[in-house]
Structures are given as structure tokens and as C-alpha cells.
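Undergrad: Just so you know, we're using full-length UniProt numbering here: the sequence shown kicks off at 1 and counts up by one. The structure follows.
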Amino acid sequence: MPYVIDNFDDTIDGFFAKAGASLSREKCDEFARRRYGGEIRPVDNQRANSYTITAGPSSSKIIQFRAENDLLDTRMLRLAKAVHTAVVADCLHLGWIGNPDDGPQLAIYEMDRLPGEKYVIARDSHKHDRRLNTVHSLARFFAQSWQNSLPQSSKLVNMSAIMAECYARFWALARALPPRFRPAVAEVQDALVALLDPSSRYPLVLTHSDLKAMNMLVDPESGNITGVADWASASILPFGFGLYALANVFGKMDRDGWKWFDDADELRGAFWRVFGELTGLEQDGPQMRLVKVAEKGGILIRYGTIWDSKFSGMVGCRDPHDFGGDFEYLDALLL
1 MPYVIDNFDD TIDGFFAKAG ASLSREKCDE FARRRYGGEI RPVDNQRANS YTITAGPSSS
61 KIIQFRAEND LLDTRMLRLA KAVHTAVVAD CLHLGWIGNP DDGPQLAIYE MDRLPGEKYV
121 IARDSHKHDR RLNTVHSLAR FFAQSWQNSL PQSSKLVNMS AIMAECYARF WALARALPPR
181 FRPAVAEVQD ALVALLDPSS RYPLVLTHSD LKAMNMLVDP ESGNITGVAD WASASILPFG
241 FGLYALANVF GKMDRDGWKW FDDADELRGA FWRVFGELTG LEQDGPQMRL VKVAEKGGIL
301 IRYGTIWDSK FSGMVGCRDP HDFGGDFEYL DALLL
């Protein structure tokens with residue numbers, strides 16, 4: 001499973017060593033420099049399975065190099081662009097770089113750089129009005145997902161694999177998490193039948209694997225979301241698992257633990273009101289109740305799963321080496 005490492009020079013070196021590529025970081029940079037011009041800069045959230053840089057005038061392009069065994073699923077990227085047109089960049093597969101006689105090649109992808117500032121940076125300077133705009137943007141984003149659900153007959157939907165993955169994830173969480181979280185896990189497990197049952201008409205949707213504050217871009221002046229980046233491991237899941245992202249616009253984790261913003265209750269109410277208006281869901285209706293159970297499921301997956309688990313799709317962020325059991329997020333968001 002891919003994950004983000006902060007020391008990006010070590011990550012980049014590790015990528016080229018692990019990929020066994022027939023070329024170097026310098027040759028990739030030179031390719032981008034010749035094609036796009038401008039200053040070549042690595043992005044600051046490198047992943048272990050790719051090398052990503054900005055290039056072109058005003059760093060207007062993002063170029064990503066990926067190993068042959070870890071290509072982007074362009075079908076999912078096209079779907080993301082179709083569902084969330086205004087906030088997702090087009091992605092082009094340019095071809096390959098490297099001499100196949102000397103070793104594996106790398107695939108080259110080009111994307112326009114999305115406007116805005118990373119929400120994780122902008123958040124601290126935002127007051128109520130800008131936070132409210134971010135919340136309204138997220139409500140529209142998730143409403144787009146609901147409104148663009150996929151039928152089980154879609155070629156992108158492997159229902160048996162989705163069911164197996166969901167049941168396996170929550171079975172693993174039931175075994176791994178402390179007893180205080182087991183009622184929440186059991187509630188989601190009990191709801192899986194309805195979430196995955198075609199007769200319930202509960203939607204299957206494209207689900208971002210890592211919808212964290214660093215992957216959301218906002219206009220620093222208004223707070224409106226201008227971009228959602230990094231769709232590399234997006235998957236098809238029952239709607240709502242991605243709603244764990246809401247917590248990061250209602251509060252934040254700092255060195256003293258989780259802190260809700262003073263206006264968190266108002267922001268939460270605004271999200272559900274706008275989401276309900278856009279989708280036509282009744283606030284106390286059966287579908288909305290399932291949505292909120294799925295949200296709980298997403299929180300459990302996100303903050304209860306270790307980041308190097310073998311599960312596909314949604315990325316967990318719990319440290320597998322933290323044997324003391326750091327469950328601050330789950331304690332704050334579920335208890």
C-alpha cells in the first residue's frame with residue numbers, strides 16, 4: 001500500500017533503487033526540463049511508489065514517473081474528472097522513459113497543477129466564514145459522489161471483491177482495536193448488508209483513498225475548495241467511507257491532542273444541511289442513517305488501520321510500530 005514519507009529525498013532515492021529503473025532522478029528531471037522548461041522541483045509529499053515533480057512556467061505542470069508494476073488506473077482518473085470536474089486535473093499518459101535493454105522503464109504522466117493552497121496550511125488562518133465556505137465545498141463534493149453512483153453492472157465494479165474487502169477490513173479491525181472501539185466496529189459490520197445489498201439501492205461511488213488536508217486545495221482568500229489531488233489509489237466503495245475527511249474541517253490534531261474548532265457544531269450542521277438539500281436525503285431518513293454509519297466506518301478504516309496493511313483502496317494512517325497503541329483520533333472522533 002502506498003504511503004507518504006516526509007523526508008522526500010530519501011523517499012525519492014528509495015523509489016529509484018526499488019524500481020530498479022534504467023535511469024536516474026537526474027534523467028527524469030532532464031526530460032521534464034527539455035519538454036516543459038521552468039524550474040524542476042519535487043513535490044513535498046512524495047510517495048514510495050512514484051517520483052513527482054513540478055515543471056513549466058510558474059510550475060504549471062505536475063509530472064509523475066511510476067514503475068511498470070504500479071501504473072495509474074486511468075479509468076478511475078477519468079471517472080474522478082467526470083464526477084468532480086472543477087476540482088480534478090486531467091491526467092495524460094505520455095509514454096515511457098528509459099532503455100528497456102538496460103532495465104525496467106518508468107511510465108510518465110502529465111497533469112495540470114491545480115490552483116490554491118493546501119488546506120493543511122491555509123486552515124490555521126481561516127476564520128468562520130472561510131471555514132464555512134470549505135464546508136459548503138465539501139458538501140458539494142460529496143453530493144457529486146452520491147449523484148454519480150455506479151451501477152453494479154459497471155465494468156469498474158467488481159462486487160464480489162468489494163464485499164470481500166469490506167468484510168475483511170472490519171473483521172481485521174475487530175481483532176486489532178482495543179475493546180472500547182468494538183461497538184463501533186460491530187455497528188458498521190451490521191450495516192454492511194444494507195450498504196452492499198443491491199436491493200437497498202445504496203450507492204457505490206468512486207472513493208478517494210487518502211482525502212487528507214494535504215490533498216485538498218483551497219482558495220486562501222475565500223476558503224472554497226479549488227482542487228482535490230492524488231487519486232492514484234481511488235476505489236469503488238459504498239458511499240460515505242470518505243466522510244472521515246470532514247473531521248479535518250471541524251477541528252485538528254496538535255501536540256496537545258484533538259481540538260474541535262469553536263464553531264464545529266455549526267459547521268457540522270451546515271454540511272449536513274447542504275448535503276441533504278443537494279441529494280434530496282431526509283436528515284432522519286433511513287438512507288441518511290446509513291450514510292452516517294458509513295462515515296463511522298471510514299473513520300475506523302482511516303485511523304484504525306496501519307499504513308502498511310495489505311488492503312487496497314483507502315489508506316490507513318496508524319503507525320504499525322507504535323506498540324503502545326496511539327488511538328487519539330479514534331478516541332476523539334468516536335467516543
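Ideal Cβ placement from N, Cα and C applies to all residues, glycine included.
Measure how close the beta-carbons of L177 and V188 come, nearest whole angstrom, since I'm counting them as under 8 Å.
TA: Indexing the sequence shown from 1 puts residue 177 at position 177. Indexing the sequence shown from 1 puts residue 188 at position 188. Not a contact, Cβ separation roughly 12 Å.
Undergrad: Out of D254, R273 and M159, which has the shortest C-alpha to C-alpha gap to A139?
TA: Looking up residue 139 in the sequence shown gives position 139. Out of D254, R273 and M159, R273 has the C-alpha closest to the C-alpha of A139.
Undergrad: Would you call the CB atoms of S22 and Q105 closer than 8 Å?
TA: Counting from 1 along the sequence shown, the entry for residue 22 is found at position 22. Counting from 1 along the sequence shown, the entry for residue 105 is found at position 105. Yes, they are a contact pair.
Undergrad: Sort C91, D70 and Q147 by Cα distance to residue 355 and report the nearest one.
TA: The structure shown does not extend to residue 355, since the chain is modelled only from 1 to 335, so the question has no answer here.
Undergrad: Along the alpha helix (DSSP H) that carries residue 337, what are the first and last residues, could you check?
TA: An answer regarding residue 337 cannot be provided, because it is not within the stretch 1 to 335 covered by the chain.
Undergrad: Return the chain-ordered list of same chain residues with a C-beta closer than 7 Å to the C-beta of H84, the five sequence neighbours on each side being excluded.
TA: The count along the sequence shown starts at 1 and reaches residue 84 at position 84. If we look at H84 and ignore the five residues flanking it on each side, its Cβ neighbours are F141, Q144 and V228.
Undergrad: Just to confirm my understanding: we take K259, look at its own chain, exclude 5 residues before and 5 after, and list those with CB closer than 8 Å. What are they?
TA: On the sequence shown, residue 259 is found 259 positions in, with the first residue counted as 1. The answer, listed in chain order, is G251, K252 and M253.
Undergrad: How far does the beta strand (DSSP E) with Y51 in it extend, from its first residue to its last?
TA: The residue given as residue 51 occupies position 51 in the sequence shown. Segment S50 to A55, the beta strand (DSSP E) holding Y51.
Undergrad: Compute the Euclidean distance between the alpha carbons of T279 and P203, then round it to the nearest angstrom.
TA: Here residue 279 corresponds to residue number 279 of the sequence shown, with the count starting at 1. Here residue 203 corresponds to residue number 203 of the sequence shown, with the count starting at 1. T279 and P203: Cα-Cα distance of roughly 12 Å.
Undergrad: From V43 to T54, what does the alpha carbon distance come to, in whole angstroms?
TA: Reading the sequence shown from its first residue, position 43 is the one you call residue 43. Reading the sequence shown from its first residue, position 54 is the one you call residue 54. Rounded to the nearest angstrom, the gap between the Cα atoms of V43 and T54 is 7 Å.
Undergrad: So, A245 versus A80, is the Cβ gap smaller than 8 Å?
TA: Along the sequence shown, one-based indexing puts residue 245 at 245. Along the sequence shown, one-based indexing puts residue 80 at 80. Not closer than 8 Å, so no.
Undergrad: Go through its chain and collect everything with a Cβ distance to Q287's Cβ below 8 Å, but skip five positions before and after it.
TA: The sequence position of residue 287 within the sequence shown is 287, counting from 1. Counting only Cβ-Cβ distances below 8 Å, and skipping sequence neighbours, we find Y202 and L281.
Undergrad: If distances are taken between C-alpha atoms only, which option among N45, V87, F181 and I301 comes closest to L237?
TA: Translated into the one-based positions of the sequence shown, residue 237 becomes position 237. For the options N45, V87, F181 and I301, the alpha carbon positioned closest to that of L237 is the one of I301.
Undergrad: List, from N- to C-terminal side, the beta strand (DSSP E) runs of 3 residues or more that fit wholly inside the stretch 172 to 256.
TA: Restricting attention to beta strand (DSSP E) runs no shorter than 3 residues, the stretch 172 to 256 encloses them at 204 to 207, 216 to 218, 225 to 228, 235 to 238 and 251 to 254, ordered along the chain.
Undergrad: If you check the beta carbons only, do Y109 and L92 fall under 8 Å apart?
TA: Looking up residue 109 in the sequence shown gives position 109. Looking up residue 92 in the sequence shown gives position 92. The answer is yes: Cβ separation under 8 Å.
Undergrad: Take the Cβ of N215 as the centre, count every other Cβ of all protein chains shown within 10 Å, and call the residue buried at 16 or more, exposed below.
TA: Residue 215 sits at position 215 when you count from the first residue of the sequence shown. When all chains shown are included, N215 counts as buried.
Undergrad: Where does the unbroken alpha helix (DSSP H) through L278 begin, and where does it stop?
TA: As a first step, residue 278 must be located in the sequence shown, where it is residue number 278. Note, L278: alpha helix (DSSP H), A264 to T279.
Undergrad: Please say whether L333 and T226 have beta carbons closer to each other than 8 Å?
TA: Within the sequence shown, residue 226 is the residue found at index 226, counting from 1. Within the sequence shown, residue 333 is the residue found at index 333, counting from 1. Contact: no.
Undergrad: Do you know how far the Cα of D210 is from the Cα of E328?
TA: Here residue 328 refers to the residue found at position 328 of the sequence shown. Here residue 210 refers to the residue found at position 210 of the sequence shown. Rounded to the nearest angstrom, the two C-alpha atoms are 19 Å apart.
Undergrad: Can you pull the DSSP bridge partners for Y109?
TA: Along the sequence shown, read from residue 1 onward, the residue named residue 109 stands at position 109. Answer is Q64 and H93, bridged to Y109.
Undergrad: When DSSP labels each residue in this structure, what does K310 get in the three-state scheme?
TA: Along the sequence shown, one-based indexing puts residue 310 at 310. Here K310 sits in coil by DSSP.
Undergrad: Where T134 and N224 are concerned, what is the direct C-alpha to C-alpha distance, given to the nearest angstrom?
TA: Position 134 of the sequence shown, counting from 1, holds the residue named residue 134. Position 224 of the sequence shown, counting from 1, holds the residue named residue 224. Cα to Cα, T134 sits roughly 5 Å from N224.
Undergrad: With DSSP as the reference, please indicate the residues paired to P42 in a beta bridge.
TA: By 1-based counting over the sequence shown, the position of residue 42 is 42. I53, per the DSSP bridge assignment.
Undergrad: Could you tell me whether the Cβ atoms of S59 and G38 are closer together than 8 Å?
TA: Against the sequence shown, residue 59 aligns to sequence position 59. Against the sequence shown, residue 38 aligns to sequence position 38. For S59 and G38, yes; Cβs fall inside 8 Å.
Undergrad: In the DSSP assignment, what are the bridge partners of L334?
TA: Counting from 1 along the sequence shown, the entry for residue 334 is found at position 334. DSSP lists no partner for L334.
Undergrad: Taking Cβ positions, are A294 and F239 nearer each other than 8 Å?
TA: Your numbering for residue 294 matches position 294 in the sequence shown. Your numbering for residue 239 matches position 239 in the sequence shown. For the pair A294 and F239, the CB atoms are nearer than the 8 Å cut-off.
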